[in-house]
Structures are given as structure tokens and as C-alpha cells.
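What follows is a short report on a single structure.
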Amino acid sequence: MRYHNITKDDMLNGKGLRSVLWLAGCAHACKGCHNPVTWSLQGGLEFDDAAKEELFESLSYDYIDGVTLSGGDPLHPANREGVEKLLKELKETYPNKTIWVYTGYEYDDISDLDLLAYVDVLIDGKFIEEQLSPSIHWVGSSNQKVIDVPASRKLDQIVLYNG
């Protein structure tokens, strides 16, 4: 698994103050993407022990609400195994922090992924430039959904996040 950056004290990519891990690899290539440098799976740096330590240390402060995985696409097939392991460890280490994940995949197409057991909020769907929606919190385009993953898994249907 490769990454491009770890942003600390972020207020744009989820509710509250967050750390953001920007992963490499995206097969969607959305027109107008704000971060095309992250598309290549070979881009960025190896997510090694030092990077993991940096991420976990950034979450150790009480005022940090949680972590967001973005990119690229954290749920690119090449990232899924590493992301699942990371999310499991994050949830075990920081059970009171929320985990948000951005993906270009639709929830219905990935709802069977085991890693979703560790995700609190999923923003799904490709960015569609023609549906740009700067007034809607946490999405880039109006087709994207902000999903309460635990509630959706419990009811076996999409439940939108309203936090």
C-alpha cells in the first residue's frame, strides 16, 4: 500500500478535526478530480512503519475526532487488504475515534467487503464534474452519498449519515 500524504488537523474531510491519509491508486479517473496525482498505484511512498507511527501519533490527541482515508481510492482492489488491516488496528487502538472513507465505488457494489466493519462513514460514488455541489457537506458532486455504515449494515439498506 502506498500513500501521498498524512494531513493533520483537517476540517474538510469529515466531521470534526481529523487526520487524513491520502492513499495512492485510483481506477476511476474522474474528470475534474481534485487529486489526480494520486491515481497511480506506484505513486507516493510506501506506507511503512514510520508512516503508520506518524498517523497513529496524530490521532493520539483528545481533540482529534478521527481519521479519514481518501486518495486516490482507499478501496482500489490493490489497497483493500492493507486498508482492512490498518482500519482494524485503528479501531482497536482508538475505539472512540471515527473512521471515514472516501471511495469512487458505489456502496451496493462493495457492501460485502469485510473492511466495512471498521468504517463509520463512507462517502461513495465517482466525482461527476457536471454535478459539482460545493454546498453539500463532505461530497464533491451531488451523486455521492454520505453513508452511516453501521446503520446500513444493520438494516441491510443504505442509511444516510446525518451528523
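So in UniProt numbering, the last one in the sequence shown is 163, and the numbering has no gaps at all. All C-beta atoms in this analysis are idealised placements derived from N, C-alpha and C, irrespective of residue type, glycine included.
Rounded separation between Pro-134 and Leu-160 - CA only
Residue 134 sits at position 134 when you count from the first residue of the sequence shown. Residue 160 sits at position 160 when you count from the first residue of the sequence shown. Each residue's Cα considered, the two are about 18 Å apart.
Have a look at Ala-151 and Asp-120 and give me their C-alpha separation to the nearest angstrom.
Against the sequence shown, residue 151 aligns to sequence position 151. Against the sequence shown, residue 120 aligns to sequence position 120. Near 9 Å, if we compare the C-alpha coordinates of Asp-120 and Ala-151.
My parser needs the alpha helix (DSSP H) runs of 4 or more residues fully inside the region 69 to 98; what are they?
80 to 93
Sorted by chain position, which residues of the same chain lie with C-beta nearer than 8 Å to Arg-2's C-beta, five sequence neighbours on each side aside?
In the sequence shown, the residue the question calls residue 2 occupies position 2. Closer than 8 Å at the Cβ level, and outside the excluded window around Arg-2, lie Leu-23, Ala-24, Gly-25, Leu-41, Gln-42, Gly-43, Gly-44, Leu-45, Glu-46, Phe-47.
Which residue wins for smallest C-alpha separation from Ile-123, given the options Pro-74, Glu-81, Asn-79, Leu-86?
Position 123 of the sequence shown, counting from 1, holds the residue named residue 123. Looking at the Cα atoms, Pro-74 is the closest of the given residues.
Please classify Thr-103: does DSSP put it in a helix, a strand, or coil?
Here residue 103 refers to the residue found at position 103 of the sequence shown. In this structure, Thr-103 counts as coil in the three-state DSSP scheme.
Can you tell me where the alpha helix (DSSP H) holding Lys-145 begins and where it ends?
Position 145 of the sequence shown, counted from the first residue, corresponds to residue 145. Careful: Lys-145 lies outside any alpha helix (DSSP H), inside the beta strand (DSSP E) at 145 to 148.
Could you tell me the distance, in whole angstroms, from the CA atom of Glu-84 to the CA atom of Ser-70?
Looking up residue 84 in the sequence shown gives position 84. Looking up residue 70 in the sequence shown gives position 70. Taking the straight line from one Cα to the other gives about 14 Å.
Asp-108 versus Lys-145 - alpha carbon distance
If you number the sequence shown from 1, residue 108 lands on position 108. If you number the sequence shown from 1, residue 145 lands on position 145. Roughly 12 Å separates the two Cα atoms.
If you follow the alpha helix (DSSP H) that Leu-23 is in, where does it begin and where does it stop?
Taking the sequence shown and counting its residues from 1, the one referred to as residue 23 is at position 23. No alpha helix (DSSP H) contains Leu-23, which is instead part of the beta strand (DSSP E) from 18 to 23.
If Leu-59 and Tyr-102 are in contact, beta carbons under 8 Å, what's the gap, nearest whole angstrom?
Counting from one through the sequence shown, the residue named residue 59 turns up at place 59. Counting from one through the sequence shown, the residue named residue 102 turns up at place 102. So it is not a contact: roughly 18 Å between Cβ atoms.
Three-state secondary structure (DSSP) of Leu-115:
Position 115 of the sequence shown, counting from 1, holds the residue named residue 115. Three-state DSSP puts Leu-115 in a helix.
Nearest to Val-149 by alpha carbon, out of Thr-7, His-28, Asn-162?
By one-based count along the sequence shown, residue 149 stands at place 149. That would be Asn-162, whose Cα lies nearest to the Cα of Val-149.
Is the beta carbon of Gln-157 closer than 8 Å to that of Asn-143?
Position 143 of the sequence shown, counting from 1, holds the residue named residue 143. Position 157 of the sequence shown, counting from 1, holds the residue named residue 157. No, Cβ-Cβ distance for Asn-143 and Gln-157 is not below 8 Å.
So for Asp-49, helix, strand or coil by DSSP?
Within the sequence shown, residue 49 is the residue found at index 49, counting from 1. Helix.
Exposed unless 16 or more other CB atoms sit within 10 angstroms - verdict on Ile-136:
The residue given as residue 136 occupies position 136 in the sequence shown. Exposed: under 16 other Cβ atoms inside 10 Å.
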